[in-house]
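Worksheet: the structure to be examined is printed underneath.
In my numbering, the protein residues as written are 5 to 92.
Written out as structure tokens, the structure reads:
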């Protein structure tokens, strides 16, 4: 889910919940976020690493652990009509 800063309008926040359903612990994933325009064309892409979204936190996810992620990005100049969120 994307929300725009109501005060400055210069940045947006992408929020997601990631859950480890595996029966073993796993490293925190890196995340590739791709923004798309109304025709589905990509116009921006960035990779986020665990240090970007989990500063000073554990580096692994235990079984059945969930984490709330908030990725702060500059508000796109182009109209945002879609996105892809990929764990890498």
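Each residue gets a CB set at the ideal place from its N, CA and C atoms; glycine is no exception.
Predicted model, so just to flag it, every value in this text is computed and none were measured.
1) Relative to the alpha-carbon of residue 61, which residue among 67, 51, 90, 72 has its alpha-carbon at the smallest distance?
2) Have a look at the DSSP bridge pairing and note the partners of residue 87.
3) Answer yes or no: do residue 35 and residue 92 have a C-beta to C-beta separation smaller than 8 Å?
4) Under DSSP, the alpha helix (DSSP H) around residue 56 begins and ends at which residues?
5) Go to residue 23, then tell me how far its beta strand (DSSP E) extends in each direction, as first and last residue.
6) Going by the beta-carbon positions, is the gap between residue 75 and residue 54 smaller than 8 Å?
7) Could you check what DSSP says for residue 32 in three-state terms: helix, strand or coil?
8) Under a three-way DSSP split, which group does residue 82 fall into?
Looking at the coordinates:
1) 72
2) 39
3) yes
4) 54-57
5) 15-23
6) no
7) coil
8) coil
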